[in-house]
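Colleague:
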Amino acid sequence: VLPIQLGYNTVYLLDAGGERLLVDTGPNYRGAAEALEHALVGLQPAAVVATHGHLDHASLGSWWQHRGVPVWLGAGDLHLARRPPLTDPAEFREMTRFIESCGAPPEVQGTVLAGLEERRRALMRASAYRGYQPASDGRWPTALRYDTFEPDRLLDADGDLAGPDIGCLLLPGHTPGNLVVVDRSEGWLFSGDQLLRDIAPTPAIQARPPGAPGRWRFPSLPAYVRSLRRLAEFDFARCFPGHGEPFDDVARVIRLNLEQSEERTARVRAACQEAPDATLYGLCERLYPRAVRRRLWQIVSTVQGHLDLLEEAGERVPGSCSG
Ligand SMILES: [Zn+2]
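The sequence shown begins at 69 in this note's numbering and counts up one residue at a time.
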């Protein structure tokens, strides 16, 4: 395995008995393609598999295709390859309605809606301009550009990717079509954003793939937790994450993530019992009184995720938030 660091991301070139597979396309900042080219001289992969459709994992998809390398993606993320999140007007309307109905005071709502609009504009720019925008947060040298693409293969089941040992597991949650790559003979896990050393990825408020049944919102956290439980059934020797250094205590990191999630669910359950008629914002205020105004979007996403978990378990949750 050859790790290649590209700003905040790491992509991995696997050699399965001469058949090369790249895990993640790499983030498309200015200079990223050249850095990849340089790292992979004489090592062109036969295919690239993106762990999910987010910009930092899939935005060099079209660049690879122009070089004649097919790009594979989980079927549930096709909409993300075709159009960055939030840039679909229908999705943006649903997201706005969600915020307007969460019970936050108007000025708080205004701040969140302005932030959402800013994010939408940035994503529109990422896919509309040929140039590279200045860096916004220092994770990559410039902001990421996204040339949308049609994946060459949509992965809709666990299966083989390269050689006898390299396969994928579909693990929805972080996104609807999220997947991980495994090397069964080595016990290696290429986890994308599903498992990171020091961060439990916040489950985002995000749309279901177009045409999928059910309400517009994809219940990210219940799916993410199910996926973590599935990973816990394997005995991995090493995890190569999409961000940060590889680590060996894979089972422990999975367990800590699950425990943290269970603790939060218990806190949200207690808050629901104390205030059965609270709005989503009211619950957020109870649970995170100091941070709620500063980090509302993150907190709302987290609390809504745990409400989704409770609801799935058949428990009564405040139902005031549309979505
Ligand atoms: Zn991601």
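Built from N, CA and C at the ideal position, the CB exists for glycine as well. All figures in this text were calculated on a predicted structure; none of them were measured in a lab.
Pop quiz: Arg-88 and Ala-126 are said to be a contact at Cβ under 8 Å. What is the actual Cβ separation, rounded to whole angstroms?
Modeller: Here the question's residue 88 lines up with position 20 in the sequence shown. Here the question's residue 126 lines up with position 58 in the sequence shown. With a Cβ gap of about 19 Å, Arg-88 and Ala-126 do not count as contacting.
Colleague: Taking the beta carbon of Ile-267 as the centre, do at least 16 other beta carbons fall within 10 Å, making it buried, or is it exposed?
Modeller: Reading the sequence shown from its first residue, position 199 is the one you call residue 267. With fewer than 16 other Cβ atoms within 10 Å, it is exposed.
Colleague: Any idea what DSSP makes of Asp-316, helix, strand or coil?
Modeller: As a working note, residue 316 is residue 248 in the sequence shown. It is coil, neither helix nor strand.
Colleague: Which ranges would you report for the beta strand (DSSP E) in the region 107-148 if only whole runs of at least 3 residues count?
Modeller: 115-118 and 139-142, all fully within the region 107-148.
Colleague: Return yes when at least one heavy atom of ligand 1 lies under 6 Å from the C-beta of His-122, else no.
Modeller: What you label residue 122 is simply residue 54 of the sequence shown in a count that begins at 1. Under cutoff, so the answer is yes.
Colleague: Note the first and the last residue of the continuous beta strand (DSSP E) segment covering Leu-257.
Modeller: Against the sequence shown, residue 257 aligns to sequence position 189. Taken as a continuous stretch (DSSP letters only), the beta strand (DSSP E) holding Leu-257 covers 256-260.
Colleague: So, Arg-252 versus Asp-233, is the Cβ gap smaller than 7 Å?
Modeller: Position 184 of the sequence shown, counted from the start, is the residue given in the question as residue 252. Position 165 of the sequence shown, counted from the start, is the residue given in the question as residue 233. Taking 7 Å as the Cβ cut-off, Arg-252 and Asp-233 qualify as a contacting pair.
Colleague: Would you kindly work out how many angstroms separate the C-alpha atoms of Glu-254 and Arg-187, rounded to a whole number?
Modeller: Numbered from its first residue, the sequence shown carries residue 254 at position 186. Numbered from its first residue, the sequence shown carries residue 187 at position 119. Spanning the two alpha carbons is a distance of roughly 40 Å.
Colleague: Given the structure, does Asp-145 come close to ligand 1, in the sense that its CB is under 6 Å from one of the ligand's heavy atoms?
Modeller: Position 77 of the sequence shown, counted from the first residue, corresponds to residue 145. Asp-145: no, Cβ never under 6 Å from ligand 1.
Colleague: How is Phe-166 classed by DSSP in three states: helix, strand or coil?
Modeller: Translated into the one-based positions of the sequence shown, residue 166 becomes position 98. Reduced to three states, the DSSP call for Phe-166 is helix.
Colleague: Excluding the five sequence neighbours on either side, which residues of its own chain have a C-beta within less than 6 Å of the C-beta of Ala-182, listed in chain order?
Modeller: Locating residue 182 in the sequence shown gives position 114, where the first residue counts as 1. So the list is empty, once near-sequence residues are dropped.
Colleague: Please determine whether the Cβ atom of Asp-261 lies at a distance below 6 Å from any heavy atom of ligand 1.
Modeller: The residue labelled residue 261 in the question sits at position 193 within the sequence shown. Yes - ligand 1 has a heavy atom lying nearer than 6 Å to the Cβ of Asp-261.
Colleague: Considering only residues of the same chain and omitting the five flanking positions on each side of Ser-390, which have a CB-CB separation below 8 Å?
Modeller: Counting from 1 along the sequence shown, the entry for residue 390 is found at position 322. The predicted model places Ser-390 with a pLDDT of 45, which falls under 50 and marks its position as unreliable, so this point remains unresolved.
Colleague: Considering only residues of the same chain and omitting the five flanking positions on each side of Ile-367, which have a CB-CB separation below 8 Å?
Modeller: If you number the sequence shown from 1, residue 367 lands on position 299. Counting only Cβ-Cβ distances below 8 Å, and skipping sequence neighbours, we find Cys-352, Leu-355, Tyr-356, Ala-359 and Val-360.
Colleague: Please report the straight-line C-alpha distance between Gly-136 and Gly-129, rounded to a whole angstrom.
Modeller: As a first step, residue 136 is located in the sequence shown; it is residue number 68 there, counting from the start. As a first step, residue 129 is located in the sequence shown; it is residue number 61 there, counting from the start. For Gly-136 and Gly-129, the distance between alpha carbons rounds to 11 Å.
Colleague: Have a look at Gln-201 and Glu-102 and give me their C-alpha separation to the nearest angstrom.
Modeller: Stepping through the sequence shown from its first residue, residue 201 is reached at position 133. Stepping through the sequence shown from its first residue, residue 102 is reached at position 34. Gln-201 and Glu-102: Cα-Cα distance of roughly 18 Å.
Colleague: For the candidate residues Arg-98, Thr-155 and Tyr-80, whose alpha-carbon lies nearest to that of Ala-118?
Modeller: Taking the first residue of the sequence shown as position 1, residue 118 is located at position 50. For the residues Arg-98, Thr-155 and Tyr-80, the minimum Cα distance to Ala-118 belongs to Tyr-80.
Colleague: For Glu-380, which residues from the same chain have a beta carbon less than 8 Å from its beta carbon, with the 5 sequence-adjacent residues on both sides left out?
Modeller: Within the sequence shown, residue 380 is the residue found at index 312, counting from 1. Cβ neighbours of Glu-380 beyond the five flanking positions: Pro-287 and Pro-290.
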